[in-house]
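Chains as they are written, first to last, in the numbering used here: chain A, 951 to 1290; chain B, 56 to 347; chain C, 3 to 315.
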Amino acid sequence: MQRNQPAPLLEVDNLHCHFFTLDGVVRAVDGVSFSLQRGETLGIVGESGCGKSVTAMSILRLLPKGLGRIVDGSVKLEGRELTTLGDADMRSMRGHQVSMIFQEPMTSLNPVLTVGLQIAENVERHLNVGRKAAMERAVEMLRLVKIPDAERRVNDYPHQFSGGMRQRVMIAIALSCNPQVLIADEPTTALDVTIQAQILDLMLELKQKLNTAIIMITHDLGVIAETAQRVLVMYAGRKVEEAPVVELFQRPLHPYTQGLMRARPRLDVEAEEQGRRPRLQEIQGMVPALNRPILGCAFAPRCGYATDRCRSEAPGLTEPVPGHLVACWEATKIAGMGHA
Amino acid sequence: MASITLAGDAEPRPGALARLVTFTRRNPTIVIGGLLMLALAGLALAAPYITSDPLKMNPRMRFRLPGEQFWFGTDQFGRDVYARTIWGTRVSLVVGLSVAALASVLGLIVGLLCGFYKAVDGVVMRVMDGIMAIPSILLAIALITLTRPGLPIVIVAIVIPEIPRVVRLVRSVVLSLRAQPYIEAAIAGGTKTPKLLLRHIVPNTLAPLIVQATYVCASAILTEAGLSFLGVGVPPEIPSWGNIIAQGRSFFQIAPWSILIPGIFLAIMVLAVNMLGDGLRDRLDPRLARRM
Amino acid sequence: MIAYITRRLLATVPVMLTVGVFVFFLLRIAPGDPAAIIAGDNATSQDIENIRGKLGLDRPMIEQFVHWSWRLLQGDLGISIFSNLPVTTLIAQRMEPTIALTISTLMVAVALAIPMGVLAAWKARTLVDRLVMGFAVLGFAVPVFVAGYVLIYIFSVQLGWLPVQGYRPIGEGFWPFAQSLVLPSIALGTTYCALIARITRASMLEVLSQDYIRTAESKGLAQRRVLLLHALKNAAVPIVTVIGIGIALLISGVVITETVFNIPGLGRLTVDAVLKRDYPIVQGLILVFAFAKVLVNLTVDVSYAFLDPRIRY
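Have a look at this one:
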């Protein structure tokens, strides 16, 4: 992947994360590589269980202790290796250079501490300021994420906020130390549709303001379309496709990506008028179990294009179109065929 | 607290021995606790055959150190501490098992009534609150004060303070079950209450009840020993662990073994029952396991 | 909050009433003639009559009950059969050692148990966890009278560091007072330590798997802050509940501990009264202990509001 771009801010190379469970070793992330430029938004998309959240968690090394760990690969932030960083250094990295927001705003905030304290403790920890300055910063952050009456609400507890408001608080915490990278793991999935749009708008606005790079993890292609510049598609712990967002939507090369696109509800006005509303197409079959080695392409059992080669030999990444990576033996053929 | 088995384990083949090994590995506390209890029960049953007379006094043999002749030494009357301790196992087992059984049965009945009949519930739960407010050992002491000492009255005195806890447990299970759609449907469908109780409610209370019974058993064994230690439990001529310790009290500095040895037995028995309880809890009632 | 406390205090009235009725009728409906049992085997019929008169057993039941409860409401617990002193006076005299022992035991138990439970939960399923929990289970299984004698043997008899037995009132100086409480508190404390450590571990384990702990970790906070502020504060409600239950159990333990260490407290008073079958004292002690237990429960319930902002009364 040689590109004539400035050195990336974050570089993940050949990452392998395994979970050690009762049912055997689960290869949750199985050789994923990507890079993130300053100020860029990278979307990671895939079904639940495809390893996208694990990828995110392993950047911060937050995998559940004793259960999952990084077994191979490297994560570099500004050239500094994170996988081998000491515990203390890793802790001062978290919430400072790299911060994270999670899917469940209802449970991600500590119910017995005020939101002000939960923002301020991050500031106090990383920016070397006192309690008072940190609390002032907390008020400022609440204002920034557009929580009305911020001075008063810093002293409120999470249960006094709605779901959308809590996610704003989470964003306030995550951005309170001006991180270089913000990892957003399904930040809008648990929210109402109207609130989703507000939160996404807010994130984009703040990203412009603070020049933060974002890794946006989601299963929702709509969110990707609205926010990301580049997209990475994951399947069964592997990266199957990577392309700039417009390119991906116009010309998805991997059969799995195509399936995702077809499974997305769309308003087809023309078809609607002609009275032939297309059914949503599901992707047949199930995601493979990750606790056994997968021979060949992981998607082959569900793929209409699969050949014997697909079932026996795992495809490497190729670049049939400049800047568009795909891991599929049949990609050129599929690309040649075009698509509906 | 079963340990997580790591990856790479072979699938267990369903042979009897292999299944036993798997069960032991998954539930070590049940197996260890159960084996200890079996061993203690064996000692209790074999007491007449493996010991001499626990009551026989022999003034010439006072305060003998534990050794070849007297494995656990002798006390101030020259009685064999080994014989007394083994016989004491009987008292503890009888008290523990009968208190657990009585408290469970009575608690189950009262708890079912409370869970099903509002009129009963109000009155009975007030009484239960009252009993629970009295520290159990004091209640037992008060009951014993009023009657002539003996093993049955000790059992009754220990059972009464244990009942409210069982009642509360059963009642809470019944109330939560009653809110279940399938029970509501059965009630709406006109299933008769006794049938409903036997078919749907009682089986669901069994798992938590068994777990609770083991804890009641452990606490009863400790309470009996405590009461006897205080001199208000089983009559002093019966060799119970509490009595042996109480009688060894004044001579503790000369003959510490007559306190330590029954004490160790008591601790092992309580430990075994508790292990059994913890193991059963983890296995039968994961909901309770999380709460405790 | 004040309304809640008032309501809860009022709710203790029926409980205490039940205890009162229970205690009252216990004496009256007990099998056999309580007066004869109290008088003992060598009593003459005159003795028995005297006791019957003293307890008011010769009057109709209802009259007895009204009379008894009326005096109880005035704080009169009756007169001891043997010493002829008011029961309230006897109880007041013995109050200090028991309160001192209860508090010091609780301090020992909590100070040991919470760090143990937190450590075990943090290092769950490791050797540290097993050692800590093994100690806790052992502490629970070893009865206080055995632990007490072992401690006396080691620290008083063999090493001579601490007084063998007995109690020194706080009025005689803090140091001897504290010294006399060290061993009893440890002996009794290990039992409750086990109880509290177990619930701390369980509660912490549950909390540590919560999303907000992951959030705290994602902020890079110090491990200590995550454990002791973010996790422990959330785990506090069940822990405090069990500490409350612990105090109730402690009262039972105190009776035995006072006998082991020759501490002249309420526990000794109870045992002496029982051995002499001085029922008015036993009755008075039950009421006092039950009231203490009810008050502890109330305190625990009120404390929830301070631990969890979601609970409002």
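For each residue, glycine too, the CB sits at the ideal point set by N, CA and C.
Straight-line Cα distance separating residue j from residue i
{"i": "Thr90 (chain C)", "j": "Leu79 (chain C)", "result": "6 Å"}
{"i": "Arg1212 (chain A)", "j": "Gly1172 (chain A)", "result": "13 Å"}
{"i": "Val1271 (chain A)", "j": "Leu1010 (chain A)", "result": "32 Å"}
{"i": "Val166 (chain C)", "j": "Ser305 (chain B)", "result": "13 Å"}
{"i": "Pro67 (chain B)", "j": "Ala73 (chain B)", "result": "Its pLDDT being 48, under 50, Pro67 (chain B) is placed unreliably in this model, and the value from its coordinates should be taken loosely. When rounded, the distance between both Cα atoms is 7 Å."}
{"i": "Trp142 (chain B)", "j": "Ala301 (chain B)", "result": "16 Å"}
{"i": "Thr248 (chain B)", "j": "Tyr1185 (chain A)", "result": "54 Å"}
{"i": "Val302 (chain C)", "j": "Arg988 (chain A)", "result": "53 Å"}
{"i": "Met1115 (chain A)", "j": "Cys1253 (chain A)", "result": "42 Å"}
{"i": "Ile228 (chain C)", "j": "Arg1019 (chain A)", "result": "Checking the displayed sequence, the identity of residue 228 (chain C) turns out to be Val instead of Ile. If you take the alpha carbons of Val228 (chain C) and Arg1019 (chain A), they lie about 21 Å apart."}
{"i": "Ala71 (chain B)", "j": "Pro186 (chain C)", "result": "50 Å"}
{"i": "Val21 (chain C)", "j": "Val211 (chain B)", "result": "18 Å"}
{"i": "His69 (chain C)", "j": "Ser305 (chain C)", "result": "38 Å"}
{"i": "Lys78 (chain B)", "j": "Leu252 (chain C)", "result": "Note on residue identity: the sequence assigns Phe, not Lys, to residue 78 (chain B). Whole-angstrom Cα-Cα distance: 37 Å."}
{"i": "Arg96 (chain C)", "j": "Leu268 (chain C)", "result": "5 Å"}
{"i": "Ala13 (chain C)", "j": "Leu300 (chain C)", "result": "10 Å"}
Local Cβ density within 10 Å of residue i, reported as buried at 16 or more and exposed below that
{"i": "Ile313 (chain C)", "result": "exposed"}
{"i": "Glu174 (chain C)", "result": "exposed"}
{"i": "Asp980 (chain A)", "result": "buried"}
{"i": "Leu1132 (chain A)", "result": "buried"}
{"i": "Phe308 (chain C)", "result": "exposed"}
{"i": "Lys1189 (chain A)", "result": "buried"}
{"i": "Thr991 (chain A)", "result": "buried"}
{"i": "Ile156 (chain C)", "result": "exposed"}
{"i": "Pro190 (chain B)", "result": "buried"}
{"i": "Tyr1107 (chain A)", "result": "buried"}
{"i": "Thr1144 (chain A)", "result": "exposed"}
{"i": "Lys1283 (chain A)", "result": "exposed"}
{"i": "Ser58 (chain B)", "result": "Caution is warranted here: a pLDDT of 41 is assigned to Ser58 (chain B), below 50, making its placement in the model unreliable, and the coordinate value is therefore given only provisionally. Exposed."}
{"i": "Ala234 (chain B)", "result": "exposed"}
{"i": "Pro103 (chain B)", "result": "exposed"}
{"i": "Val6 (chain C)", "result": "What sits at residue 6 (chain C) in the sequence shown is Tyr, not Val. Flag for Tyr6 (chain C) reads exposed."}
{"i": "Val178 (chain B)", "result": "exposed"}
{"i": "Ser107 (chain B)", "result": "exposed"}
Nearest to residue i (by Cα), restricted to the options the options
{"i": "Pro311 (chain C)", "options": "A:Thr1162, A:Arg1019 and A:Val1065", "result": "A:Val1065"}
{"i": "Ala322 (chain B)", "options": "B:Arg81, B:Thr140 and B:Ile213", "result": "B:Thr140"}
{"i": "Gly1273 (chain A)", "options": "A:Val1073, A:Ser1024 and A:Arg1180", "result": "A:Arg1180"}
{"i": "Val1048 (chain A)", "options": "A:Ala1134, A:Ala1256, A:Glu1263 and A:Ala1264", "result": "A:Ala1134"}
{"i": "Gly1029 (chain A)", "options": "A:Phe969, A:Cys967 and A:Leu959", "result": "A:Leu959"}
{"i": "Arg1044 (chain A)", "options": "A:Pro1055, A:Leu1032, A:Leu1063 and A:Gln1053", "result": "A:Leu1032"}
{"i": "Asp49 (chain C)", "options": "C:Gly58, C:Leu59 and C:Ala38", "result": "C:Ala38"}
{"i": "Leu335 (chain B)", "options": "B:Leu201, B:Gln267 and B:Trp296", "result": "B:Gln267"}
{"i": "Ala316 (chain C)", "options": "C:Val15, C:Pro145 and C:Leu190", "result": "Examination of residue 316 (chain C) is not possible in this model, given that chain C is present from 3 through 315 alone."}
{"i": "Pro1194 (chain A)", "options": "A:Asp1022, A:Ser998, A:Phe984 and A:Phe969", "result": "A:Phe984"}
{"i": "Phe171 (chain B)", "options": "B:Ile238, B:Gly89 and B:Gln131", "result": "B:Ile238"}
{"i": "Pro16 (chain C)", "options": "C:Ser305, C:Phe293 and C:Val298", "result": "C:Phe293"}
{"i": "Asn1128 (chain A)", "options": "A:Phe1052, A:Met1085 and A:Ala1163", "result": "A:Ala1163"}
{"i": "Tyr1255 (chain A)", "options": "A:Cys1278, A:Ala1239 and A:Ser1126", "result": "A:Cys1278"}
{"i": "His1046 (chain A)", "options": "A:Thr1207, A:Gln1130, A:Thr1177 and A:Glu1090", "result": "A:Gln1130"}
{"i": "Leu232 (chain B)", "options": "B:Thr79, B:Ala174 and B:Val257", "result": "B:Val257"}
{"i": "Lys235 (chain C)", "options": "C:Leu57, C:Val120, C:His69 and C:Thr272", "result": "C:Val120"}
{"i": "Lys1026 (chain A)", "options": "A:Glu961, A:Arg1259, A:Arg1102 and A:Leu1198", "result": "A:Glu961"}
{"i": "Gln131 (chain B)", "options": "B:Lys250, B:Leu110 and B:Phe78", "result": "B:Leu110"}
Presumed contact (8 Å Cβ cut-off) between residue i and residue j, rounded CB distance
{"i": "Leu114 (chain C)", "j": "Ile249 (chain C)", "result": "About 16 Å; that fails the 8 Å criterion."}
{"i": "Ala310 (chain B)", "j": "Val221 (chain B)", "result": "That pair is no contact at about 40 Å."}
{"i": "Leu331 (chain B)", "j": "Ile85 (chain B)", "result": "6 Å"}
{"i": "Leu279 (chain C)", "j": "Gly42 (chain C)", "result": "Strictly speaking, residue 279 (chain C) in this sequence is Arg, with Leu absent from that position. About 7 Å; that satisfies the 8 Å criterion."}
{"i": "Ser182 (chain C)", "j": "Gly168 (chain C)", "result": "6 Å"}
{"i": "Ile198 (chain C)", "j": "Ile116 (chain C)", "result": "7 Å"}
Contact list for the segment 193-206 of chain B against chain C, Cβ threshold 8 Å: Leu193, Leu194, Ile196, Ala197, Leu198, Ile199, Thr200, Leu201, Thr202 and Arg203
Interface positions of the segment 146-161 of chain C facing chain B (Cβ-Cβ less than 9 Å), listed along the chain: Val146, Phe147, Val148, Ala149, Tyr151, Val152, Ile154, Tyr155 and Val159
The segment 165-186 of chain B: positions lying closer than 8 Å to chain C by Cβ: Arg181, Val182, Asp184, Gly185 and Ile186
Interface positions of the segment 323-337 of chain B facing chain C (Cβ-Cβ less than 7 Å), listed along the chain: Val325, Leu326 and Asn329
Chain C contacts made by the segment 205-225 of chain B, where a contact means CB separation under 7 Å: Going along the segment 205-225 of chain B in chain order, one finds no residue with a Cβ nearer than 7 Å to chain C.
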